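Trainee: Please find one structure pasted underneath; my questions will follow.
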Ligand code: NAP
């Protein structure tokens, strides 16, 4: 029930109408019996400063920040977490008595989503498709997981090179390489890798037939394929890799755990979602997305 003491939280973005965050956060708020409510606001880039002032004026608990504001929002915050300083992007703002601190929870969401597969990462060679915002968060997470080597490929070679520099110099991954997207020896790189990550939107609904790979002959049961896409639940990349015996995972758990991490930050509590609760929330989110598997 909403009371005068209820903490108001919100997600901002442009557009915002498709965001799953209100559904997901209000489910968790209800599950953990938190005195809070979570809404969505459509905020344009030229309104970000007013928006942050509004958070202070209304004494809101904080915000989630989504595309396209994750970088620009940093112009209006008072403090930044260590990860935000490294990534130059934020998806969570916390308001404490008018002081706004920026956090980024995507790398934590990625790591927590791995579950028992986390052990695959120490010493691994990782091939990542995409060098955008999501790839940056994943690269930071990979640095924390102790991988041995990161190979990055993006349609825009320059973006791959920029992420390589960041991964080497700021995240301290010692071995980072970039390769051309249609390189002839892509299969050699696949064979040399244990983990493949799709951090592009290739294969996302409604283009579910598309994949970053045309040729799956180098995929084997040694591979762990992580697709950040969560709609469809099984992308063409995942389905074809699964046929070759690979272990696959989609991005729904990452989405969920980055949201849980935001809630922990706002409320200063170490909430945990046990498997049955996790599965219940995932099935509600899949239903909202129209995914029936
Ligand atoms: P982004 O900033 O647009 O980055 C994607 C990058 O990949 C772009 O540079 C893109 O180039 C490039 N690319 C496109 N096709 C490629 C290909 N075949 N091979 C290699 N690179 C290619 O997008 P983003 O925000 O990082 O998001 C990427 C994906 O992750 C989206 O599907 C998003 O929904 C998902 N995501 C999931 C979560 C989660 O919690 N599960 C969180 C964040 C993002 P172009 O600009 O030319 O297309």
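Numbering (this note's numbering), first residue to last: 177 to 469. Just so you know, even glycine gets a beta-carbon here, dropped at the ideal spot from N, CA and C. Quick caveat: nothing in here was measured; it's all calculated off a predicted structure.
1. Which of the three DSSP states is assigned to residue 212 in this structure?
2. Three-state secondary structure (DSSP) at residue 353?
3. Say yes only if the C-beta of residue 177 is nearer than 8 Å to one or more non-hydrogen atoms of the ligand NAP, and no if none qualify.
4. In the DSSP assignment, what residue or residues form a beta bridge with residue 268?
5. With a CB to CB cut of under 7 Å and the five nearest residues on each side skipped, what residues in its chain are close to residue 406?
6. Between the stretch 368–376 and the stretch 310–328, can you find at least three pairs of beta-carbon atoms closer than 8 Å?
7. Name the DSSP beta bridge partners of residue 186, please?
8. Just to check, is the beta-carbon of residue 354 closer than 8 Å to a non-hydrogen atom of the ligand SAM?
9. Confirm, please, whether the CB-CB distance from residue 307 to residue 336 is below 9 Å.
10. How would you label residue 458, buried or exposed, when you count the other beta carbons within 10 angstroms and need 16 or more for buried?
11. On the DSSP letters alone, give me the boundaries of the alpha helix (DSSP H) that residue 314 sits inside.
12. Going by DSSP, what residue range makes up the beta strand (DSSP E) through residue 400?
13. Tell me which same chain residues have a C-beta within less than 7 Å of the C-beta of residue 339, skipping the five on either side of it?
14. Using 10 angstroms around the beta-carbon of residue 347, count the other beta-carbons present and answer buried if the total reaches 16, otherwise exposed.
15. Is it a yes or a no for the stretch 411–420 touching the stretch 389–402, going by three-plus beta-carbon pairs under 8 Å?
Mentor: The structure says:
1. DSSP places residue 212 in strand when its eight states are reduced to three.
2. Note: residue 353 maps to strand in three-state DSSP.
3. Flag unset: Cβ of residue 177 not near the ligand NAP.
4. Answer is 240 and 279, bridged to residue 268.
5. Taken in chain order, the residues that qualify are 426, 427, 428 and 431.
6. Counting C-beta pairs closer than 8 Å gives three or more between the stretch 310–328 and the stretch 368–376, which meets the contact rule.
7. In DSSP, residue 186 forms a bridge with 215 and 239.
8. By its list of ligands, the structure shown excludes the ligand SAM, since it contains just the ligand NAP.
9. Closer than 9 Å, so yes.
10. Classification of residue 458: buried, given that the 10 Å Cβ count is 16 or more.
11. For residue 314, the enclosing alpha helix (DSSP H) begins and ends at 309–320.
12. Where residue 400 is concerned, the enclosing beta strand (DSSP E) stretches over 400–403.
13. The beta carbon of residue 339 is closer than 7 Å to those of 307, 311, 312, 315 and 328 in its chain, skipping five residues each way along the sequence.
14. Counting Cβ neighbours within 10 Å, residue 347 comes out buried, since at least 16 surround it.
15. Output reads yes: the stretch 389–402 touches the stretch 411–420.
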